[in-house]
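According to our numbering, the sequence shown is numbered sequentially starting from 10.
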Amino acid sequence: MSSSVSRLVSSVCKKIIKPYSPTPISLGCHKLSYLDQMVGGIYIPLALFYPKLSNTWSNKPNNVVSQHLEKSLSKVLTNYYPFAGKLNDNISIDCNDNGVEFFITKINCPMSEIFNHPYFEKHNLVYPTEVINNQYTYEGSLAVFQLTHFNCGGIAISMCLSHKVGDGYTFGNFMNHWATIARNPLSSEIYPISPKFDGSFYFPPTKDEDSSNVSNNNIVPQREECVSKGFSISSSKLTALKARVINDSEVQNPSDTEVVSAFLYQRAMATKKLANSDSIRPSLLHQAVNLRPPLPKHTMGNICSLFSILTKEEKEMDLARVVSKLRKEKEEVKQKYKNAKIEELLPITLEQHRKANDLLVNNSSYDLYRFSSLITFPSYEVDFGWGKPEKVISPISTSNPPIKNMFVLMADKNRDGVNLTCSMKKQDMLAFERDEELLRFASPTS
């Protein structure tokens with residue numbers, strides 16, 4: 010972060026928030042599942058922007074807003090107790106109620122200045138600096154939060170949660186559960202999903218002495234110097250893309266994730282032809298898959314698998330064809346898990362990872378594009394008591410440095426379009442963001 014950007018921050022206060030109720034002794038040791046062990050120690054960040062608080066809150070002092078969040082955070086940590094614990098190598102989490110870090114900052118600029126920045130450097134101001142700068146090596150709490158006050162009266166709430174504790178689904182449930190408690194502090198309203206951290210029951214961990222070998226072969230990709238940029242696809246443009254798929258393929262009900270992933274993959278390949286040639290660079294698409302169902306919705310942790318498609322020739326780049334391949338692979342994966350016994354879940358998942366890794370190892374010169382979709386998560390419904398967010402920044406935006414060729418998809422505020430963030434090497438991004446076909450359907454968000 011440049012010094013000119015960091016000078017906008019005028020104050021930083023740090024607190025430790027502990028669970029409202031002590032964690033029972035029976036839950037004092039949370040065993041990591043095999044999939045938890047596979048995931049590197051990266052933090053997943055997300056930021057929610059509230060330009061104007063409701064009338065009830067608009068005139069209240071900053072410390073009242075902070076206390077409101079701190080109290081409700083303490084209560085939700087009782088349910089999500091591993092986040093308040095300490096990681097024990099790559100084996101378990103000591104759920105000792107150490108607490109989580111909560112930062113309060115003030116930024117001397119209006120929120121619009123953050124929104125209108127062409128890339129994401131200024132967005133990092135709303136995140137805890139140490140986590141963002143050391144996202145893969147941070148040794149603080151397993152969840153870190155920041156409340157940012159802007160001089161226009163708006164606020165941002167950011168969260169950085171350790172991937173060791175859970176995936177995007179876990180993140181989404183934590184976030185909405187916290188907001189439910191904050192919105193109804195005196196109510197007995199019960200959040201619809203009561204979390205259970207029982208992933209190790211479905212995906213048994215390795216023996217203690219082997220845990221380091223699992224992490225050394227983890228599924229978090231290596232970092233490279235890249236830039237990130239955001240785009241949006243409106244409801245009408247999304248409908249037009251779906252119509253193109255429906256007219257040209259057997260997939261008559263393409264999902265938002267399938268259509269947008271296929272379109273972005275197609276455009277990324279099209280703007281990166283082989284040197285001195287009109288031929289495309291052979292490419293791979295990796296797509297993460299949530300395994301709830303068939304696993305219970307209340308199961309938290311890393312409960313996901315993945316599938317891949319391979320594209321070698323230009324004729325395979327047709328949008329409808331890519332969507333058809335994505336649908337076929339996804340259905341095959343779902344079928345494998347549908348009637349699987351508990352003891353079969355881990356072997357099936359490891360086989361999916363092995364297949365994806367073999368494709369990459371055997372085709373090391375191919376470009377790899379990673380997609381993660383949060384479209385079904387109601388990020389724009391997160392109301393802590395002062396209204397819904399005006400903007401939500403997706404996790405990839407703040408990776409330091411970002412992951413190359415990574416795309417994160419989120420529903421827009423109206424939940425009928427898609428916001429996306431992508432990261433690429435700078436020269437690839439320059440070509441991608443100027444692609445005429447891309448810009449027919451996607452608009453830069455900054």
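All residues carry an ideal CB built from backbone N, CA and C; glycine is no exception.
Checklist entry - Whose CA, out of Ile357, Lys334, Leu134, lies closest to the CA of glutamine 344? => result Position 335 of the sequence shown, counting from 1, holds the residue named residue 344. Minimum Cα distance to glutamine 344 is reached at Ile357.
Item to check | Cα-Cα separation, methionine 47 to leucine 41 | outcome: Mapped onto the sequence shown, residue 47 falls at position 38. Mapped onto the sequence shown, residue 41 falls at position 32. Taking the straight line joining both Cα atoms gives about 10 angstroms.
Item to check | Cα-Cα separation, histidine 295 to histidine 39 | outcome: Translated into the one-based positions of the sequence shown, residue 295 becomes position 286. Translated into the one-based positions of the sequence shown, residue 39 becomes position 30. Using only the alpha carbons, I get a separation of about 30 angstroms.
Checklist entry - Where does the unbroken beta strand (DSSP E) through glutamate 110 begin, and where does it stop? => result One-based indexing of the sequence shown puts residue 110 at position 101. Element bounds for glutamate 110: 109 to 116.
Checklist entry - To the nearest angstrom, how far is it from the Cα of isoleucine 242 to the Cα of arginine 443? => result For this step, residue 242 is matched to residue 233 along the sequence shown. For this step, residue 443 is matched to residue 434 along the sequence shown. When rounded, the distance between both Cα atoms is 16 angstroms.
Checklist entry - For lysine 350, does the three-state DSSP call read helix, strand or coil? => result Residue 350 sits at position 341 when you count from the first residue of the sequence shown. Three-state DSSP puts lysine 350 in coil, outside helix and strand.
Next on the checklist: I'd like to know whether the C-beta atoms of lysine 413 and cysteine 235 end up nearer to each other than 7 angstroms.
Outcome noted: For this step, residue 413 is matched to residue 404 along the sequence shown. For this step, residue 235 is matched to residue 226 along the sequence shown. It is a contact, given that the beta carbons lie within the stated cut-off.
Next on the checklist: Measuring alpha carbon to alpha carbon, tell me which residue in Ile113, Leu170, Cys118 is nearest isoleucine 141.
Outcome noted: For the purposes of this step, residue 141 is taken as the residue at position 132 of the sequence shown. For the residues Ile113, Leu170, Cys118, the minimum Cα distance to isoleucine 141 belongs to Leu170.
Item to check | Beta-carbon contacts of alanine 349 that lie in its chain and below 8 angstroms, excluding the five residues immediately before and after | outcome: Here residue 349 refers to the residue found at position 340 when the sequence shown is read from its first residue. The residues are Pro303, Ile357.
Checklist entry - Helix, strand or coil: which one does DSSP assign to isoleucine 202? => result As a working mapping, residue 202 is identified with position 193 in the sequence shown. Of the three classes helix, strand and coil, the one that applies to isoleucine 202 here is coil, per DSSP.
Next on the checklist: Three or more C-beta pairs under 8 angstroms: does that hold for the region 380 to 392 against the region 264 to 279?
Outcome noted: yes
Checklist entry - If you run the structure through DSSP and keep just helix, strand and coil, what is arginine 330? => result Locating residue 330 in the sequence shown gives position 321, counting from the first residue. Helix, per DSSP.
Checklist entry - With burial defined as no fewer than 16 other Cβ atoms inside 10 Å of the residue's Cβ, what is the status of proline 214: buried or exposed? => result On the sequence shown, position 205 is the one that residue 214 refers to. Counting Cβ neighbours within 10 Å, proline 214 comes out buried, since at least 16 surround it.
Next on the checklist: Within 8 angstroms, do at least three Cβ pairs link the region 316 to 328 to the region 362 to 377?
Outcome noted: yes
Checklist entry - In its own chain, which residues sit with a C-beta less than 6 angstroms from the C-beta of methionine 309, not counting the 5 before and 5 after it? => result Working through the sequence shown from its first residue, we reach residue 309 at position 300. Closer than 6 angstroms at Cβ, skipping near neighbours: Gly175, Thr179, Pro204, Phe206.
Item to check | Range covered by the beta strand (DSSP E) that runs through valine 153 | outcome: Counting from 1 along the sequence shown, the entry for residue 153 is found at position 144. Per DSSP, valine 153 belongs to the beta strand (DSSP E) from 152 to 159.
Item to check | Sufficient close CB pairs (3 or more, under 8 angstroms) joining the region 112 to 122 to the region 94 to 101 | outcome: no
Item to check | Strand pairing of serine 477, partner residues [DSSP] | outcome: With the chain represented from 10 up to 455, any question about residue 477 goes unanswered, as that position is not in the structure.
Checklist entry - Based on the DSSP output, what are the partners of valine 135 in its beta bridges? => result Taking the sequence shown and counting its residues from 1, one reaches residue 135 at position 126. Note: valine 135 sits in no beta bridge, so no partner.
Checklist entry - Roughly how many whole angstroms lie between the Cα atoms of phenylalanine 154 and methionine 419? => result One-based indexing of the sequence shown puts residue 154 at position 145. One-based indexing of the sequence shown puts residue 419 at position 410. Looking at the two C-alpha atoms, the distance is approximately 21 angstroms.
Next on the checklist: Looking only at its chain, what residues have a beta carbon closer than 7 angstroms to the beta carbon of phenylalanine 92, apart from the 5 residues adjacent to it on each side?
Outcome noted: In the sequence shown, counting from the first residue as 1, residue 92 sits at position 83. If we look at phenylalanine 92 and ignore the five residues flanking it on each side, its Cβ neighbours are Leu86, Val109, Leu151, Ala152, Leu170, Val174.
Next on the checklist: I need the boundaries of the alpha helix (DSSP H) containing arginine 192, first residue and last residue.
Outcome noted: By one-based count along the sequence shown, residue 192 stands at place 183. Start and end: 177 to 192.
Item to check | For valine 140, the three-state DSSP class (helix, strand or coil) | outcome: As a first step, residue 140 is located in the sequence shown; it is residue number 131 there, counting from the start. Here valine 140 sits in helix by DSSP.
Item to check | Cβ-based neighbour list, glutamine 261, same chain, cut-off 7 angstroms, excluding 5 preceding and 5 following | outcome: Counting from one through the sequence shown, the residue named residue 261 turns up at place 252. Here the set comprises Ile255.
Item to check | Exposed unless 16 or more other CB atoms sit within 10 angstroms - verdict on cysteine 22 | outcome: If you number the sequence shown from 1, residue 22 lands on position 13. Looking at its Cβ environment, which holds fewer than 16 other Cβ atoms inside 10 Å, cysteine 22 is exposed.
Checklist entry - Looking only at its own chain, which residues have a Cβ that is under 6 angstroms from the Cβ of alanine 56, when we skip the five neighbours before and after it? => result As a working mapping, residue 56 is identified with position 47 in the sequence shown. Closer than 6 angstroms at the Cβ level, and outside the excluded window around alanine 56, lie Val135, Ala165, Ser167, Ile402.
Next on the checklist: Pop quiz: leucine 315 and glutamine 275 are said to be a contact at Cβ under 8 angstroms. What is the actual Cβ separation, rounded to whole angstroms?
Outcome noted: Start at 1 with the first residue of the sequence shown, and residue 315 comes out as number 306. Start at 1 with the first residue of the sequence shown, and residue 275 comes out as number 266. Not confirmed; about 20 angstroms, so no contact.
Checklist entry - Could you give the distance in angstroms between the alpha-carbon of glutamate 445 and the alpha-carbon of alanine 365? => result One-based indexing of the sequence shown puts residue 445 at position 436. One-based indexing of the sequence shown puts residue 365 at position 356. For glutamate 445 and alanine 365, the distance between alpha carbons rounds to 31 angstroms.
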